[in-house]
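**Q**
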Amino acid sequence: MINIGICDDEAHLRKSLRLLLETKLQLMGEDYRMFEYDSGEALAADGGTAWPDILFLDIEMKQLSGMDTARLLRKKDARTILIFVTAYPDFVFQGYEVHAFHYILKPYDEHKIQTVLEQALKELGKSREQFFAFEHKSGALKIPLKKILAFSSDRRKVAVVLNDGKTLDFYGKLDDVEKKLPDYFIRCHNRHLVNLNHVDGLEKDCCICGTMQIPVSRACRRNLEIAFARLLLQ
Numbered sequence: 025m026i027n028i029g030i031c032d033d034e035a036h037l038r039k040s041l042r043l044l045l046e047t048k049l050q051l052m053g054e055d056y057r058m059f060e061y062d063s064g065e066a067l068a069a070d071g072g073t074a075w076p077d078i079l080f081l082d083i084e085m086k087q088l089s090g091m092d093t094a095r096l097l098r099k100k101d102a103r104t105i106l107i108f109v110t111a112y113p114d115f116v117f118q119g120y121e122v123h124a125f126h127y128i129l130k131p132y133d134e135h136k137i138q139t140v141l142e143q144a145l146k147e148l149g150k151s152r153e154q155f156f157a158f159e160h161k162s163g164a165l166k167i168p169l170k171k172i173l174a175f176s177s178d179r180r181k182v183a184v185v186l187n188d189g190k191t192l193d194f195y196g197k198l199d200d201v202e203k204k205l206p207d208y209f210i211r212c213h214n215r216h217l218v219n220l221n222h223v224d225g226l227e228k229d230c231c232i233c234g235t236m237q238i239p240v241s242r243a244c245r246r247n248l249e250i251a252f253a254r255l256l257l258q
């Protein structure tokens with residue numbers, strides 16, 4: 025699910041941009057949710073828990089400007105793909121300060137919007153590959169893959185084992201988790217997946233990951249040894 029936000033204080037421009045975006049998203053078969061905001065204040069209030077994945081933000085707005093809104097966004101969440109919309113080309117250069125991904129000039133050009141949207145979706149895909157997202161009892165979480173040491177299953181739950189020793193669990197199946205992960209997460213046991221980047225060594229029946237030991241089964245050991253050797257040779 026992709027969350028897309030449009031923040032503009034002119035209702036007719038929000039509507040026209042939304043129609044253009046939804047037409048393209050539907051043609052691409054994307055699963056999305058669209059949110060509209062008539063001010064930077066409204067966006068900031070709604071973004072208290074989570075900002076959109078992709079945000080189309082008008083620079084010139086009353087009270088809280090687009091730039092001030094973007095600065096606030098960057099303090100809260102650096103991952104949002106920010107696309108400025110403006111009627112004034114001179115404002116474009118301000119986007120570097122807040123790491124704007126792109127800009128679109130008003131009045132809207134359908135081809136330009138489609139092109140920028142496609143680029144943003146590709147960038148979002150790259151970003152999401154670096155995180156593991158799941159529903160925890162405290163709410164939706166996104167954990168950087170580099171911080172995950174292993175995944176362990178116990179009946180209907182999967183535990184995310186972090187490199188600081190903490191664990192976070194959620195309802196799911198280890199097989200489904202494995203399909204979403206890059207190749208450096210290896211099945212070392214029927215109930216365990218390990219991040220090879222955190223493996224310091226292999227013992228007869230376990231992986232050594234710092235002060236932790238992750239069980240290794242006889243059935244998985246050979247594939248694990250090969251994958252670990254390849255990693256060491258890189």
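Sequential numbering of the sequence shown, starting at 25, is according to this note's numbering. Even for Gly, the Cβ is constructed at its ideal location relative to N, Cα and C.
Taking only the alpha-carbon atoms, compute the straight-line gap between Ile232 and Leu217 and give it to the nearest angstrom.
**A** Within the sequence shown, the letter at position 208 stands for residue 232. Within the sequence shown, the letter at position 193 stands for residue 217. Going by the C-alpha atoms only, they are around 13 Å apart.
**Q** Is Lys33 near Asp82, with beta carbons less than 8 Å apart?
**A** As a working note, residue 33 is residue 9 in the sequence shown. As a working note, residue 82 is residue 58 in the sequence shown. Inspection of the sequence shows that residue 33 is occupied by Asp rather than by Lys. It is a contact, given that the beta carbons lie within the stated cut-off.
**Q** Here's a check: name, in chain order, each residue in its chain whose Cβ is nearer than 7 Å to the Cβ of Gly119, leaving out the five neighbours to either side.
**A** In the sequence shown, the residue the question calls residue 119 occupies position 95. Once the five neighbours on either side are set aside, the close Cβ partners of Gly119 are Phe108 and Tyr127.
**Q** Taking the CB atoms as reference points, tell me whether Leu173 and Met236 lie closer together than 8 Å.
**A** The residue given as residue 173 occupies position 149 in the sequence shown. The residue given as residue 236 occupies position 212 in the sequence shown. Cβ atoms of Leu173 and Met236: closer than 8 Å.
**Q** Cβ atoms of Glu84 and Tyr15: under 8 Å apart, would you say?
**A** Residue 15 is absent from the model: the chain starts at 25 and stops at 258.
**Q** Among the candidates Arg179, Asn27, Ala66 and Leu41, whose CA atom is the shortest distance from the CA of Arg57?
**A** Stepping through the sequence shown from its first residue, residue 57 is reached at position 33. Here the closest residue by C-alpha is Asn27.
**Q** Hey, how far is the Cα of Ile238 from the Cα of Ile105?
**A** Your numbering for residue 238 matches position 214 in the sequence shown. Your numbering for residue 105 matches position 81 in the sequence shown. Near 37 Å, if we compare the C-alpha coordinates of Ile105 and Ile238.
**Q** Can the beta-carbon of Val182 be found less than 8 Å from the beta-carbon of Asp199?
**A** Within the sequence shown, residue 182 is the residue found at index 158, counting from 1. Within the sequence shown, residue 199 is the residue found at index 175, counting from 1. Cβ atoms of Val182 and Asp199: not closer than 8 Å.
**Q** Using CA coordinates, which residue listed in Glu249, Leu41 and Leu67 is at the minimum distance from His135?
**A** As a working mapping, residue 135 is identified with position 111 in the sequence shown. Here the closest residue by C-alpha is Leu41.
**Q** Helix, strand or coil for Leu217? Go by DSSP, reduced to three states.
**A** Your numbering for residue 217 matches position 193 in the sequence shown. It is a strand residue.
**Q** Enumerated in chain order, which unbroken segments of the beta strand (DSSP E) with a length of 3 residues or greater are wholly contained in the segment 51–138?
**A** 56–61, 78–82, 105–110 and 126–129
**Q** Tell me which same chain residues have a C-beta within less than 8 Å of the C-beta of Asp70, skipping the five on either side of it?
**A** For this step, residue 70 is matched to residue 46 along the sequence shown. If we look at Asp70 and ignore the five residues flanking it on each side, its Cβ neighbours are Phe59 and Tyr61.
**Q** Quick one: Cα of Asp55 to Cα of Lys48, how far?
**A** As a position in the sequence shown, residue 55 is number 31, starting the count at 1. As a position in the sequence shown, residue 48 is number 24, starting the count at 1. The alpha-carbon atoms of Asp55 and Lys48 are separated by roughly 12 Å.
**Q** Please classify Asn219 as buried or exposed, where buried requires at least 16 other C-beta atoms within 10 Å of its C-beta.
**A** As a position in the sequence shown, residue 219 is number 195, starting the count at 1. By the 10 Å Cβ count, Asn219 comes out buried.
**Q** Which same chain residues, not among the five before or five after Met25, have their C-beta less than 8 Å away from its C-beta?
**A** Translated into positions along the sequence shown, residue 25 becomes position 1. Excluding positions up to five away in sequence, the list reads Asp55, Tyr56 and Arg57.
**Q** Quick test of your reading: Ala124 and Thr93, contact by CB under 8 Å. State the CB separation rounded to the nearest angstrom.
**A** Taking the first residue of the sequence shown as position 1, residue 124 is located at position 100. Taking the first residue of the sequence shown as position 1, residue 93 is located at position 69. About 12 Å separates the two Cβ atoms, so there is no contact after all.
**Q** Is the CB-CB distance between Asn248 and Cys212 below 8 Å?
**A** Reading the sequence shown from its first residue, position 224 is the one you call residue 248. Reading the sequence shown from its first residue, position 188 is the one you call residue 212. Reading the sequence as shown, one finds Leu at residue 248 and not Asn. Yes, the Cβ-Cβ distance between Leu248 and Cys212 is below 8 Å.
**Q** Could you give the distance in angstroms between the alpha-carbon of Tyr208 and the alpha-carbon of Glu202?
**A** As a first step, residue 208 is located in the sequence shown; it is residue number 184 there, counting from the start. As a first step, residue 202 is located in the sequence shown; it is residue number 178 there, counting from the start. Taking the straight line from one Cα to the other gives about 11 Å.
**Q** What first and last residue would you give for the alpha helix (DSSP H) that runs through Glu202?
**A** Within the sequence shown, residue 202 is the residue found at index 178, counting from 1. Element bounds for Glu202: Leu198 to Lys204.
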